[in-house]
Structures are given as C-alpha cells and as structure tokens.
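Data block below; observations after.
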Amino acid sequence: MKVLVFGQLTDITGSDTLEVAEAPDTGRLLEQLKQRFPALETAAFLLAVDQQVIENLTALSPDSVAALLPPFSGG
Amino acid sequence: MKVLVFGQLTDITGSDTLEVAEAPDTGRLLEQLKQRFPALETAAFLLAVDQQVIENLTALSPDSVAALLPPFSGG
Amino acid sequence: MKKKRNLFVQGPIASAFIGERIHQHQSRTEIGAHSIFLGQVRSDRVGDRAVRAIAYTAYEEMAEEKMHEIREAAFATYHLTCMHVYHSLGVVPAGEICLFVFTSAPHRKAAIAACEEIVERIKAELPVWGKELLEGDEYQWKINS
Amino acid sequence: MKKKRNLFVQGPIASAFIGERIHQHQSRTEIGAHSIFLGQVRSDRVGDRAVRAIAYTAYEEMAEEKMHEIREAAFATYHLTCMHVYHSLGVVPAGEICLFVFTSAPHRKAAIAACEEIVERIKAELPVWGKELLEGDEYQWKINS
C-alpha cells in the first residue's frame, strides 16, 4: 500500500512516497514504518488515512492511502 | 467668537460657521446658541473648544474656536 | 515635530492604490503579517430609496490630531512595524471604498488586534460625518453602530 | 457539487492581484466592510544566516477538503457576503506574500471576526508545510506558533 510523507518527515524517509507491505490496521502500519525508519519513533506526526486524521486503531484496505503529517506550518 | 457646526447640526443652524457674541464660558455660549437655535435643546452633540471636547464648565477667551459635534459617523 | 500623515483623501480610495501600498511594504522583510480593513459604501435601502453615495465631511484639524493620538496608542500597545490610515472626504459612491486601515507587524496577532482596535476607535472618536445621499434629492445622516 | 476554489497559487501572491480582487467586489453594493489578512515571508535570522525564502508543500487534496470545511463553518457562523483564500505553493522569497485571506460582509464585525478565525484555522489545520531556505544551501522547517 501507498504511504505519503510530508514536510520534515521526508528528511527521515528520504522520499515523499513509500510503498509498504499491506497492513491490516493502522497499528500494524505504524509498527512497520517505525521498524523501517526508527527516527519516526520520536517524531511528532499525525497519521491520516484517505485524507482523514486517524486517532483510534482503524482497519485498512489494500487501496487505502495513508499519509504521515508532521505539525502544519502553512501561512 | 467663531462657532463651527458639523454634520446634522448644520440642518439646524443652516450654516457651518456661526459668528456669536463673546461668551465668558461654555455654559453661557451654549445658552446663547440654544436661544438662537431652539432645536439644539434636544439635539445630541459634544462641544469642543480649540479641538478639545469640553465636559465641564470652561472659561472662553475671545479667540477661542468652539465647535458643535454631533455623533460621529465616519468609516 | 508631528509628521503630517495625509489621513484624508478626496473622494473614493482606489483599489489600485491599496495594491500599491501593499507593494511598498514588501521591501520590509521584518514584516510577517499585514491586516487590512476596508470600509465600503453600502447601498442600504431607506424606505423605497437606495443610498447612492455618502458625502463625508470632517473637522479636519481635530481629526488629524485624534488620529495622531490613536496612532501613538497603537504603537505603544502593539509591536507594529507600520500603520497607515486613509479616510475619504467628499462624495463616495456606493460600492467604493471610504476607509483604508493598514497595519503591518512581524507577527499576525499584533497586526490583527491593532487593525481592529484602530477601526473601532476611528468609528467612535474621529470627528467625521457621513451624509447618505439617496436616489432622488433626499438624504439622511449616517449613524454608526 | 463542491465548487473547486483554487486555494493554491504557484509562487508568491502579487500585490496587484490583491488590488484586482478588491476591485472585483465593488459591484456588490450590499458589502460594507472587507477584512484582509496577508502573510508575508519574514527574513528571520537563524544563527548567522537569514531566511531568503520559504518553499511550501501541501497535501493538496486534503487541504482543499479542509478549506471547504473551514469555509462552510465561516458562512454558518458569520453573516458574510464573500470569502476568498489563497495560499502559495513552491518558493516564496522573503518580502513576498504567501497567504491572502479576504472576507466581505455587510457589517464590519462579521468580516473582521471571520477573517481572524479563518487565519487561525488555516495555520492550525491546513496540511501545508514551509521549508525555510537560508542563505547558503541550508534550510530549516518552519514551526507555527
């Protein structure tokens, strides 16, 4: 599945789009990402799925698009 | 002495500059003006002398410039 | 010495003038935020007639003095880089701009709060009067809320 | 159907564009007040280097969705005639404008309060990021206060 990466988090991932193995839910997705990029463990960010910020454990489908959103700094 | 008249009060005085007899203080000046223009009795306005709004009885000199200021409506 | 600030403008304030004034502040790279208020003559209905224009008059010397006082207070209260105010005199047709308040600051909160406070003080404290000219030859005196 | 609103602009927002947008609202004679907020790229010092520009990126679809939500909330809360928001993407040099929020209403209080609230929500809720480009080839990520 696809994970979009924005802002300062691209300094950690080195890319603004990641292809990762399918994950059944957001918990497992985050585990996988933190294993691959340990610096995410201490980074501040929100997880969005299909443009909605996710606060609770949420099931994912293979065509979900996840996004890692560091603190916003527009304006 | 000179009395400047602004805004809706010019509808009462018919002019934006009045020449009136010298008055020793603001109380006597107002008396004189209300005698000449009775509609001032019920009109809302502030009295300014030399561009300062006057709230208490204040002495006038012959070269004081008084002004009658109805409620402001700028902007 | 008090700097003469050209508070009053004859007739409407042109939108192109506003664009230019903004442009002139772009060399000041310590500015992070501008707040602008524009008063526009509204074509209110008065009975069966619409306001077609407002004719503004002022006690000019007193207004400039008061504006100076408002300006000093704004700079004392807020961390501002610049502040400009223009008010129309004479006839301003409906749809045209009669008041332009422009504050600039390093940070947005100062620019926004100062602009709002200045607008309120202008409405309440500047000796300026608006005569609403209606269709036909009638008029009524504007009342600020 | 949701109207596409062209939230994003490539590069800086020109002051002449702002003047034109003001001008376009002068045919709406029910408007009595406009409130405008402009964000300008500030040349802060970072150590011994100055910020020479900010490069903006966004999660565009999500930002447009969120802006739509902010717009609906503003119209539901305030008696507004119009509301327009433009945000830069890409590189905006110091001194140039990166955010333009423009509210219009019959009365000033609605225009002013809505503009301020929209600016705060944009800063806090829009998925947009600023990368401050310093003199030399260094950068740091912008942090909103």
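Residue numbers (the working numbering), protein chains in the order written: chain W, 1463 to 1537; chain F, 1463 to 1537; chain L, 108 to 252; chain C, 108 to 252.
Every residue gets a Cβ at the ideal spot worked out from N, C-alpha and C, and that includes glycine.
What you are looking at is a predicted structure, and each value in this text was computed from that prediction instead of being measured.
>> Let's test the definition: count the other Cβ atoms within 10 Å of the Cβ of C/Glu223 and tell me whether it reaches 16, buried, or not, exposed.
In response: With 16 or more other CB atoms across the displayed protein chains lying within 10 angstroms of its CB, C/Glu223 is buried.
> What residues of chain L sit near F/Ala1510, judged by a beta carbon separation below 7 Å?
Replying inline: By Cβ distance, chain L contributes Met169.
> Span of the beta strand (DSSP E) holding L/His175?
Replying inline: No beta strand (DSSP E) contains L/His175, which is instead part of the alpha helix (DSSP H) from Glu167 to Thr184.
> Buried or exposed: where does C/Ala218 fall if 16 or more other Cβ atoms within 10 Å of its Cβ makes it buried?
Replying inline: Buried, since its Cβ has 16 or more Cβ neighbours within 10 Å.
> What is the DSSP secondary structure of L/Lys249, reduced to helix, strand or coil?
Replying inline: Residue state, collapsed to three classes: coil.
>> Rounded to whole angstroms, what is the Cα-Cα separation between L/Gly243 and L/Pro200?
In response: Looking at the two C-alpha atoms, the distance is approximately 14 Å.
> Considering only C-alpha positions, which residue in the set C/Asp151, C/Gly202, C/Ile229 and C/Phe209 is nearest to C/Glu171?
Replying inline: Among C/Asp151, C/Gly202, C/Ile229 and C/Phe209, the Cα nearest to that of C/Glu171 belongs to C/Ile229.
>> Quick check on L/Ile125 - is its C-beta less than 8 Å from some C-beta in chain F?
In response: Not an interface residue.
>> I need the boundaries of the beta strand (DSSP E) containing L/Ser195, first residue and last residue.
In response: Cys189 to Pro200 is the extent of the beta strand (DSSP E) around L/Ser195.
> In chain W, which residues lie less than 8 Å from C/Tyr166 when you measure between Cβ atoms?
Replying inline: By Cβ distance, chain W contributes Leu1466, Phe1468, Ala1510, Gln1513, Ala1529 and Leu1531.
> So which residues of chain L does F/Phe1534 contact, with C-beta pairs closer than 8 Å?
Replying inline: Those are Lys230, Ala231, Glu232, Leu233, Pro234, Val235, Trp236 and Asn251, listed as they occur along chain L.
> Does the stretch 1519-1528 of chain W touch the stretch 1484-1502 of chain W, meaning 3 or more C-beta pairs lie closer than 8 Å?
Replying inline: Because the criterion of three Cβ pairs below 8 Å is met, the stretch 1484-1502 of chain W and the stretch 1519-1528 of chain W touch.
> What first and last residue would you give for the alpha helix (DSSP H) that runs through W/Gln1497?
Replying inline: Thr1488 to Arg1498 is the extent of the alpha helix (DSSP H) around W/Gln1497.
> In whole angstroms, what separates the C-alpha of L/Ala160 from that of C/Ala140?
Replying inline: Taking the straight line from one Cα to the other gives about 15 Å.
> What does C/Thr210 pair with, by DSSP beta-bridge criteria?
Replying inline: By DSSP's assignment, C/Thr210 forms a beta bridge with C/Ser142 and C/Met190.
>> Within 8 Å of any Cβ in chain L, is that where the Cβ of F/Gly1432 sits?
In response: Nothing in the structure corresponds to residue 1432 of chain F, since chain F is present only between 1463 and 1537.
>> Rounded to the nearest angstrom, what separates C/Ser150 and L/Arg128 at their Cα positions?
In response: When only Cα atoms are considered, C/Ser150 and L/Arg128 end up about 20 Å apart.
> What are the start and end residues of the beta strand (DSSP E) that includes F/Ala1501?
Replying inline: No beta strand (DSSP E) contains F/Ala1501, which DSSP labels as neither H nor E.
> Listed from N- to C-terminal order along the chain, which residues in the stretch 207-230 of chain C have their beta-carbon within a distance smaller than 7 Å of any beta-carbon of chain L?
Replying inline: Listed in sequence order: Pro213, Arg215, Ile219, Glu223 and Val226.
> Counting only beta-carbon atoms, is L/His191 nearer than 8 Å to chain F?
Replying inline: Closer than 8 Å: no.
> What number of angstroms, rounded off, separates the C-alpha of C/Gly126 from the C-alpha of L/Ala123?
Replying inline: Answer to the nearest angstrom: the Cα atoms are 5 Å apart.
> According to a CB-to-CB cut-off of less than 9 Å, which residues of the stretch 144-162 of chain C neighbour chain L?
Replying inline: Cβ contacts with chain L come from Phe144, Leu145, Gly146, Gln147, Val148, Arg149, Ser150, Asp151, Ala157 and Val158.
> Leaving out five residues before and five after C/Pro234 in sequence, what residues of the same chain have Cβ atoms less than 8 Å from its Cβ?
Replying inline: Excluding the 5 residues flanking it on each side, C/Pro234 has same chain C-beta neighbours closer than 8 Å at Ala165, Tyr166, Met169, Ala170 and Lys173, in chain order.
> Between which two residues does the beta strand (DSSP E) carrying W/Val1527 extend?
Replying inline: Its beta strand (DSSP E) spans residues Val1527 to Leu1531.
>> Using a Cβ-Cβ cutoff of 8 Å, what residues of the stretch 175-199 of chain C are near chain W? List them in chain order.
In response: Residues of the stretch 175-199 of chain C with a Cβ closer than 8 Å to any Cβ of chain W, in chain order: His194.
>> Using a Cβ-Cβ cutoff of less than 7 Å, which residues in the same chain neighbour F/Phe1534 once the five nearest sequence positions on both sides are dropped?
In response: For F/Phe1534, where only same-chain residues beyond five positions count, there are no Cβ hits under 7 Å.
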